[in-house]
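**Q** Sharing a structure, written as structure tokens. Questions coming.
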Amino acid sequence: MLINQKILSKRTVLHFFVFFVLLNFTCCKKEVKPQPQVEEPQVEEPFSFPRSSPEEQGVSSQSIVKLLNEITKSEIQFHSIMILRHGNVIAEGWWDPYKPEYKHQLYSLSKSFTSTAVGLAVKEGLLSVNDKVVSFFPDEVPADIDPKMKELTVKHLLTMSTGHAEEPMAKMMDAKGSSWVKTFLSTSLENDPGTEFLYNTPATFMLSAIVQKVSGQKLIDFLKPRLFEPLDITEADWKENPQGINTGGYGLRVKTEDIAKLGQLYLQKGQWEGKEILTEQWVNEATHKQVDSKPWGKDYDETNDWAQGYGYQFWMCYPGGFRGDGAFGQFCIVMPEKDLVVAITSESFDMGKNMRLVWDNLLPGIQNEALPEDIIGGVEFEQALKNLAIPAPATIDTTDIISKISGKQYTFDENNEAGADTMFFIFKEEGKCTVIVNEGKETTEIDCGMNKWVVDDNEKKTAESLFPVPGGINFSSKIAANAVWMDSTTLQLTWRFLETVHGDKITCKFEGDDYEKVTLTFLNSVAEGTDQSDPRKPLTGQVGVKINRAK
Numbered sequence: 001m002l003i004n005q006k007i008l009s010k011r012t013v014l015h016f017f018v019f020f021v022l023l024n025f026t027c028c029k030k031e032v033k034p035q036p037q038v039e040e041p042q043v044e045e046p047f048s049f050p051r052s053s054p055e056e057q058g059v060s061s062q063s064i065v066k067l068l069n070e071i072t073k074s075e076i077q078f079h080s081i082m083i084l085r086h087g088n089v090i091a092e093g094w095w096d097p098y099k100p101e102y103k104h105q106l107y108s109l110s111k112s113f114t115s116t117a118v119g120l121a122v123k124e125g126l127l128s129v130n131d132k133v134v135s136f137f138p139d140e141v142p143a144d145i146d147p148k149m150k151e152l153t154v155k156h157l158l159t160m161s162t163g164h165a166e167e168p169m170a171k172m173m174d175a176k177g178s179s180w181v182k183t184f185l186s187t188s189l190e191n192d193p194g195t196e197f198l199y200n201t202p203a204t205f206m207l208s209a210i211v212q213k214v215s216g217q218k219l220i221d222f223l224k225p226r227l228f229e230p231l232d233i234t235e236a237d238w239k240e241n242p243q244g245i246n247t248g249g250y251g252l253r254v255k256t257e258d259i260a261k262l263g264q265l266y267l268q269k270g271q272w273e274g275k276e277i278l279t280e281q282w283v284n285e286a287t288h289k290q291v292d293s294k295p296w297g298k299d300y301d302e303t304n305d306w307a308q309g310y311g312y313q314f315w316m317c318y319p320g321g322f323r324g325d326g327a328f329g330q331f332c333i334v335m336p337e338k339d340l341v342v343a344i345t346s347e348s349f350d351m352g353k354n355m356r357l358v359w360d361n362l363l364p365g366i367q368n369e370a371l372p373e374d375i376i377g378g379v380e381f382e383q384a385l386k387n388l389a390i391p392a393p394a395t396i397d398t399t400d401i402i403s404k405i406s407g408k409q410y411t412f413d414e415n416n417e418a419g420a421d422t423m424f425f426i427f428k429e430e431g432k433c434t435v436i437v438n439e440g441k442e443t444t445e446i447d448c449g450m451n452k453w454v455v456d457d458n459e460k461k462t463a464e465s466l467f468p469v470p471g472g473i474n475f476s477s478k479i480a481a482n483a484v485w486m487d488s489t490t491l492q493l494t495w496r497f498l499e500t501v502h503g504d505k506i507t508c509k510f511e512g513d514d515y516e517k518v519t520l521t522f523l524n525s526v527a528e529g530t531d532q533s534d535p536r537k538p539l540t541g542q543v544g545v546k547i548n549r550a551k
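Here the sequence shown is numbered in full-length UniProt numbering, starting from 1 and rising by one per residue.
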């Protein structure tokens with residue numbers, strides 16, 4: 001039966017209301033048992049160092065301001081710096097467009113992480129520094145092995161006192177298809193192991209191979225639960241050789257704060273948040289002079305930072321303390337007497353100058369006790385950090401050519417060494433040029449800012465995409481991009497590969513009545529910084545022309 005609500009009396013409505021209230025009360029009149037409380041799973045906060053003002057930790061803000069000012073004057077391209085005193089971050093900065101969340105290529109600073117892995121393996125009883133290298137690779141020992149090679153130990157690898165007269169890196173890299181381990185064991189030793197220091201990246205590779213042999217894990221996987229997870233180092237990656245062994249002596253990428261974490265771990269004698277990561281004995285051996293290190297037989301003055309001695313993949317520093325360092329200015333500097341850690345990433349062509357900037361400007365401002373608050377100095381300090389930036393190249397004004405080239409497809413010869421098929425230049429948005437590069441099945445769009453850096457979704461998708469430098473250590477990477485008109489027909493693209501040390505400049509010269517031809521010339525940042533020519537050949541593309549493609 002349908003009830004017409006319009007003719008219900010107020011009394012009828014009241015009766016229905018009372019009925020349903022009583023029914024609900026009767027049905028629900030049961031003993032309510034307390035429900036057990038379910039504890040929410042606790043999510044651990046990622047580790048981050050405490051932050052403090054410099055003065056609270058006995059460091060003058062003005063000394064850091066002076067350091068940053070001198071870095072600017074030096075024209076060395078710094079990417080980041082982090083300074084710790086008494087376990088507190090007192091200064092941190094990233095030169096725009098670099099950011100704290102980006103990992104960074106370490107080059108030979110990777111060696112200190114490899115040494116750490118060996119220390120962990122020693123702690124677990126997997127090996128000893130006195131073990132013979134050949135004992136780990138019985139199947140790879142050549143029949144005609146140098147007798148001195150049979151005496152080579154893990155410690156000789158750690159201290160780069162293998163006995164080689166020349167670093168065998170070229171032989172290993174040229175051994176295409178052959179085992180790097182066997183190639184190393186096949187080299188001759190001109191000196192007895194342990195008698196002469198020679199910088200030796202293949203020796204560090206052998207340490208990686210040994211750790212993989214005794215643990216059954218690649219170096220990076222071995223480090224993950226033992227070092228990376230306890231220190232909350234995430235997103236690390238490491239290059240591998242053709243046999244699937246991490247390169248050891250180079251190829252690691254981590255964030256700037258991760259570099260500082262390694263330094264702080266060694267400063268704390270292997271202890272981390274109340275747990276022993278490394279033994280104190282290992283830390284002491286690794287970070288003290290084991291061999292003289294006047295490299296390559298040159299006469300170095302006593303203040304040279306590469307002549308102070310070498311530990312287990314750590315250098316000693318002239319003012320005291322020790323460091324891991326990598327090509328083009330990657331540093332993990334530790335000064336126990338000052339309770340100081342400094343992490344630096346950069347693209348420097350004078351690494352000694354990087355260190356002298358720290359010695360001459362930061363160290364004089366460090367005191368044993370906390371300093372009074374410096375209000376004026378603190379303002380200058382904050383402003384100096386805020387203003388850190390790599391200036392974006394500036395463009396000239398030009399409009400005539402833009403409408404004629406925008407959206408055109410420039411086609412390259414199929415046999416070009418760069419591997420590029422086509423390229424587009426698109427000017428739709430004011431202040432931005434979008435470059436599209438097609439390489440086989442891969443298409444990459446790069447948004448380039450005019451008078452500014454643009455990152456957005458810019459990405460070098462693989463190590464071998466976007467005109468790689470032959471023989472270089474290439475990575476996939478986020479990209480900061482800039483485009484400038486050098487003159488009315490020349491567009492220069494500047495790309496900084498933010499998760500590496502380096503960058504690239506591509507000069508695009510447009511020619512023809514309707515700008516139907518473009519010629520690309522290349523200048524990678526290493527060639528530019530060392531006044532050398534780029535090994536890549538110019539690349540020419542054309543519009544509307546069927547280019548004969550060789551089969």
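Cβ coordinates follow ideal geometry from the N, Cα and C atoms, glycine included.
Nearest-angstrom Cα distance between proline 142 and phenylalanine 113?
**A** Proline 142 and phenylalanine 113: Cα-Cα distance of roughly 30 angstroms.
**Q** Thinking C-alpha only, which one of Val118, Leu207, Val358 is nearest leucine 67?
**A** Of the candidates Val118, Leu207, Val358, the one whose C-alpha sits nearest the C-alpha of leucine 67 is Val358.
**Q** Mapping DSSP to helix, strand and coil, what is glutamine 532?
**A** Of the three classes helix, strand and coil, the one that applies to glutamine 532 here is coil, per DSSP.
**Q** Identify, in the order they occur along the chain, each residue of the same chain with its Cβ nearer than 6 angstroms to the Cβ of lysine 294, setting aside the five sequence neighbours on each side.
**A** Contacts found: Tyr300, Ala307.
**Q** Can you look up asparagine 361 in the DSSP assignment and give me helix, strand or coil?
**A** Of the three classes helix, strand and coil, the one that applies to asparagine 361 here is helix, per DSSP.
**Q** Using the Cα positions of glycine 365 and serine 60, report the straight-line distance between them to the nearest angstrom.
**A** Taking the straight line from one Cα to the other gives about 5 angstroms.
**Q** Let me know if glutamate 459 comes out buried or exposed under the rule of 16 or more other beta-carbons within 10 Å of its beta-carbon.
**A** Under this definition glutamate 459 is a buried residue.
**Q** What are the boundary residues of the alpha helix (DSSP H) that tyrosine 266 is part of?
**A** First-last of the alpha helix (DSSP H) with tyrosine 266: 256 to 267.
**Q** Report all residues from its chain with a CB closer than 6 angstroms to the CB of valine 501; omit the five preceding and five following residues, and keep chain order.
**A** Here the set comprises Gln105, Phe328, Glu347.
**Q** Once you ignore the five residues that flank serine 533 on each side, which residues in its own chain have a CB closer than 8 angstroms to its CB?
**A** Same-chain partners within the cutoff: Ala527.
**Q** Where leucine 198 and lysine 155 are concerned, what is the direct C-alpha to C-alpha distance, given to the nearest angstrom?
**A** Whole-angstrom Cα-Cα distance: 14 angstroms.
**Q** Is lysine 103 buried or exposed, if buried means 16 or more other CB atoms sit within 10 Å of its CB?
**A** Classification of lysine 103: buried, given that the 10 Å Cβ count is 16 or more.
**Q** Measuring CB to CB, does alanine 483 end up less than 7 angstroms from leucine 498?
**A** Their beta carbons are not under 7 angstroms apart, which means alanine 483 does not touch leucine 498 by this criterion.
**Q** Given a cut-off of 7 angstroms, decide if phenylalanine 427 and glutamine 409 are closer than it, judged by their beta-carbon atoms.
**A** Taking 7 angstroms as the Cβ cut-off, glutamine 409 and phenylalanine 427 do not qualify as a contacting pair.
**Q** Considering only their Cβ atoms, is the gap separating glycine 326 from tyrosine 107 smaller than 7 angstroms?
**A** Yes, the Cβ-Cβ distance between tyrosine 107 and glycine 326 is below 7 angstroms.
**Q** Under a Cβ-count criterion, where at least 16 other Cβ atoms within 10 Å of its own Cβ denotes burial, should glutamine 57 be classed as buried or exposed?
**A** By the neighbour-count rule (16 or more Cβ atoms within 10 Å), glutamine 57 is buried.
**Q** What is the DSSP secondary structure of tyrosine 107, reduced to helix, strand or coil?
**A** Helix.
**Q** List the endpoints of the continuous alpha helix (DSSP H) containing aspartate 174.
**A** 169 to 174 is the extent of the alpha helix (DSSP H) around aspartate 174.
**Q** My assumption, with CB atoms under 8 angstroms, is that lysine 353 sits in contact with serine 74. Please give the rounded CB distance.
**A** Between serine 74 and lysine 353 the Cβ distance is about 6 angstroms, and since that is below 8 angstroms, they are a contact.
**Q** Are the beta-carbon atoms of alanine 117 and phenylalanine 222 separated by less than 7 angstroms?
**A** Contact flag set, yes.
**Q** Measure the beta-carbon distance from leucine 185 to isoleucine 245 and round it to whole angstroms, keeping in mind my assumption that it falls under 8 angstroms.
**A** Actually they are not in contact, since the Cβ atoms of leucine 185 and isoleucine 245 sit about 14 angstroms apart, beyond 8 angstroms.
**Q** Within 10 angstroms of the Cβ of lysine 255, are there 16 or more other Cβ atoms? Answer buried if so, exposed if not.
**A** Looking at its Cβ environment, which holds 16 or more other Cβ atoms inside 10 Å, lysine 255 is buried.
**Q** So, using beta-carbon positions, are valine 283 and glycine 270 closer together than 7 angstroms?
**A** Cβ atoms of valine 283 and glycine 270: closer than 7 angstroms.
**Q** By how many angstroms is the C-alpha of threonine 530 removed from the C-alpha of threonine 494?
**A** If you take the alpha carbons of threonine 494 and threonine 530, they lie about 17 angstroms apart.
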